[in-house]
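2 protein chains.
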Amino acid sequence: MRRLGAIGHLTDQHREVLKQLPIRMVQLTKGQEIVPEGKPAASCCLVVDGLVHRTKVLSSGRRQIFSLHLPGDMPDLHSLHLPSMDHSLVATTPCEVGLIPHDAIREILRASPSLTDLLWRDTLIDAAAFRAWMLMIGQAEVPTRMAHLFCELFVRSFIVGLTEGWSFPLPVNQVDLADMLGTSAVHANRTLQELRVRNLIKFESGWVTIPEWQALAEFGLFDSSYLHPMTDRLELTLHSTL
Amino acid sequence: MRRLGAIGHLTDQHREVLKQLPIRMVQLTKGQEIVPEGKPAASCCLVVDGLVHRTKVLSSGRRQIFSLHLPGDMPDLHSLHLPSMDHSLVATTPCEVGLIPHDAIREILRASPSLTDLLWRDTLIDAAAFRAWMLMIGQAEVPTRMAHLFCELFVRSFIVGLTEGWSFPLPVNQVDLADMLGTSAVHANRTLQELRVRNLIKFESGWVTIPEWQALAEFGLFDSSYLHPMTDRLELTLHSTL
DNA sequence: CGTTGTGTTGACAAGAGTCAATGGCAGTGG
DNA sequence: CCACTGCCATTGACTCTTGTCAACACAACG
């Protein structure tokens with residue numbers, strides 16, 4: 005709800021309806037598949053705690069991570085309208101997710117067009133993030149990409165209240181990081197060192213710290229507008245050190 | 005309608021409603037911007053004739069083309085629910101598009117939940133195509149990527165009835181091609197030559213011909229399922245030469 | 001007949017991937 | 001308490017894909 009509230013207007017009535025949704029909580033270990041590629045899904049997944057990512061493996065063995073999902077995200081909302089998954093949904097860290105049956109969601113959407121629009125909007129923002137990643141992977145060099153990724157993750161963490169000052173948790177190893185950026189683990193490591201030397205980021209024991217937002221955002225060619233957040237608070241925060 | 009019919013069930017009633025939509029036809033010259041990045045949009049664009057693409061330019065001057073749209077596509081359906089465009093919509097070739105006011109679309113969607121679901125579904129397939137491109141750009145080498153792109157475009161052309169045998173029109177220059185693939189024009193040229201030598205494709209005077217579908221699809225690691233087409237005819241065609 | 005857009009080529013540089021080895025560190029079991 | 005193991009970050013050396021720059025050919029067009 006916090007996430008939905010952040011991207012659109014959520015009425016008390018909406019909150020009531022959402023609270024009624026049947027949800028089955030599941031604990032997952034790191035690396036566990038939530039929904040495998042190719043399978044149809046009968047329920048949607050809501051991330052409650054931990055991280056989840058969407059990924060696909062090429063027959064060459066190389067893997068691309070399309071997106072990383074924080075608590076509050078619904079990474080497979082699209083399964084509501086597509087017959088089968090074109091990628092896998094995997095637990096990045098040990099985590100807790102809630103499974104909500106498609107039928108239940110369909111029912112409340114039939115009753116509330118405005119809620120339909122809100123969820124539709126959520127999937128559109130999802131697609132916008134894909135475009136941003138694609139732009140980076142296709143046209144920017146690895147250091148730029150990496151800076152951009154950290155910027156996006158900071159903003160999204162901030163929106164759902166997971167940041168502490170200029171830090172946010174990112175319990176992910178360098179192999180995963182490399183697969184998000186479309187590069188190799190070795191190169192990701194070297195790039196990470198470069199960003200550290202330039203004093204653009206700190207990344208240790210699962211936490212990222214951003215010493216100077218403005219510098220990182222510039223280096224990463226980052227513009228948060230594609231995330232379409234409704235929080236003015238965000239703008240305030242991002243400019244607070246200027 | 006042909007496109008919507010291809011991805012989901014379209015009733016006669018739906019067709020009636022869609023025919024009632026007010027649409028303003030516009031002729032565009034090559035390279036003309038239909039909707040610029042950053043601007044809000046008040047109407048959606050339906051491609052009637054020619055090609056249209058979505059693109060974004062990095063401050064470094066490098067450009068990524070996110071998607072290429074054939075007649076029947078609605079490339080900016082997402083503008084219905086997002087306040088501003090995170091990319092530009094540009095005419096790839098001289099073309100004809102129809103502009104449909106958001107208000108009119110919103111009105112018919114309010115009346116028909118099933119049509120809402122169908123359009124939502126369309127934007128989800130759009131997102132699935134982004135994932136497929138991202139996977140290629142991030143993890144596959146340029147020749148593979150290019151083969152994959154030609155496969156996708158063949159299938160999508162086929163769905164809307166634009167193919168002639170194993171050929172389809174692609175009036176696009178090598179610079180555009182390079183920007184779709186996230187590579188340089190010079191490299192795109194060399195890759196094109198490589199594919200030609202391997203007898204995987206012909207590409208001349210704006211037409212692509214595929215000598216052996218199976219060979220190209222294998223080389224391009226192509227699996228059409230992400231396009232979620234409903235036509236069995238497609239499967240038949242793709243295997244007709246085996 | 002110059003101009004422009006486009007495709008093609010060669011030479012070179014730089015970014016990025018691969019392979020292999022090392023070291024730290026936490027957990028595990030004896 | 002200590003060996004053992006697995007995971008992960010780091011490094012060096014080497015290769016190769018890819019980008020850049022520059023030049024040239026060719027066709028369409030005014």
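As they're listed, the protein sequences go chains A and B.
Numbering of the first sequence is given in this note's numbering, commencing with residue 5 and proceeding in unit increments.
Numbering of the second sequence is given in this note's numbering, commencing with residue 5 and proceeding in unit increments.
Positions of the beta carbon are idealized from the N, C-alpha and C atoms, including for glycine.
Within chain B, partners of residue i - CB distance below 7 Å
i	result
residue 121 of chain A	85
residue 79 of chain A	Under the 7 Å cutoff, chain B gives no residues; its nearest Cβ is about 12 Å from residue 79 of chain A.
residue 82 of chain A	128 and 131
Chain-ordered chain B contacts of residue i [CB-CB under 9 Å]
i	result
residue 62 of chain A	139, 140, 143, 144, 148 and 225
Cα-Cα separation, residue i to residue j
i	j	result
residue 2 of chain B	residue 118 of chain A	Because residue 2 of chain B is not part of the residues shown, which for chain B are 5 to 246, the question remains open.
residue 99 of chain A	residue 134 of chain B	27 Å
residue 227 of chain B	residue 168 of chain A	43 Å
residue 148 of chain A	residue 158 of chain B	34 Å
residue 229 of chain A	residue 241 of chain B	43 Å
residue 109 of chain A	residue 51 of chain B	33 Å
residue 246 of chain A	residue 218 of chain A	Residue confidence for residue 246 of chain A is low, a pLDDT of 48 falling below 50, so the modelled location carries little weight; the figure read from the coordinates is stated next. Between residue 246 of chain A and residue 218 of chain A, the C-alpha separation is close to 8 Å.
residue 185 of chain B	residue 223 of chain B	16 Å
residue 44 of chain A	residue 104 of chain A	14 Å
residue 72 of chain A	residue 199 of chain A	21 Å
residue 40 of chain A	residue 90 of chain A	9 Å
residue 26 of chain B	residue 49 of chain B	12 Å
residue 141 of chain B	residue 141 of chain A	7 Å
residue 251 of chain B	residue 112 of chain A	The requested residue 251 of chain B does not occur in the structure, where chain B is confined to residues 5 to 246.
residue 22 of chain B	residue 115 of chain B	12 Å
residue 204 of chain B	residue 67 of chain A	25 Å
residue 214 of chain B	residue 238 of chain B	15 Å
residue 3 of chain A	residue 138 of chain A	As shown, chain A starts at 5 and ends at 246. That puts residue 3 of chain A outside it, with no answer to give.
residue 38 of chain A	residue 29 of chain B	46 Å
residue 86 of chain A	residue 143 of chain B	25 Å
residue 166 of chain A	residue 33 of chain A	21 Å
residue 65 of chain B	residue 225 of chain A	12 Å
residue 216 of chain B	residue 232 of chain B	23 Å
residue 16 of chain A	residue 208 of chain B	60 Å
residue 192 of chain B	residue 14 of chain A	48 Å
residue 121 of chain A	residue 78 of chain A	15 Å
residue 175 of chain A	residue 31 of chain B	52 Å
residue 243 of chain A	residue 170 of chain A	12 Å
residue 35 of chain B	residue 63 of chain B	19 Å
residue 194 of chain A	residue 53 of chain B	48 Å
residue 24 of chain B	residue 47 of chain B	16 Å
residue 196 of chain B	residue 220 of chain B	13 Å
residue 127 of chain B	residue 183 of chain A	26 Å
Contact test: residue i Cβ vs the ligand GTP heavy atom, cutoff 7 Å
i	result
residue 205 of chain B	The ligand GTP is absent from the structure shown, which contains no ligand whatsoever.
Cβ separation of residue i and residue j, assumed to be a contact under 8 Å, to the nearest whole Å
i	j	result
residue 106 of chain B	residue 84 of chain B	6 Å
residue 187 of chain B	residue 146 of chain B	5 Å
residue 74 of chain B	residue 164 of chain B	6 Å
residue 161 of chain B	residue 172 of chain B	4 Å
Contact set between residue i and chain B, taken where Cβ atoms lie within less than 8 Å
i	result
residue 68 of chain A	138, 139, 142 and 143
Within chain A, the residues that residue i reaches when beta carbons sit closer than 9 Å
i	result
residue 232 of chain B	86, 87, 88 and 90
Chain-ordered neighbours of residue i on chain A, where CB pairs are closer than 8 Å
i	result
residue 217 of chain B	By Cβ distance, chain A contributes nothing, its closest Cβ being about 18 Å from residue 217 of chain B, past 8 Å.
residue 229 of chain B	42, 88 and 90
Proximal chain A residues relative to residue i, where beta-carbon distance stays under 7 Å
i	result
residue 114 of chain B	117
residue 124 of chain B	85 and 124
Can you pull out the residues from the stretch 130-151 of chain B whose beta carbon lies closer than 8 Å to at least one beta carbon of chain A?
130, 131, 132, 134, 135, 136, 137, 138, 139, 141, 142, 143 and 144
* **Cβ-based contacts, 7 Å cut-off: residues of the stretch 90-105 of chain A near chain B** => 90 and 91
**Item:** Under 7 Å (Cβ pairs) to chain B, residues found in the stretch 184-196 of chain A
**Value:** 186
Is it a yes or a no for the stretch 85-97 of chain A touching the stretch 56-63 of chain A, going by three-plus beta-carbon pairs under 8 Å?
yes
Inter-stretch contact at 8 Å, needing at least 3 Cβ pairs: the stretch 172-179 of chain B / the stretch 116-131 of chain B | no
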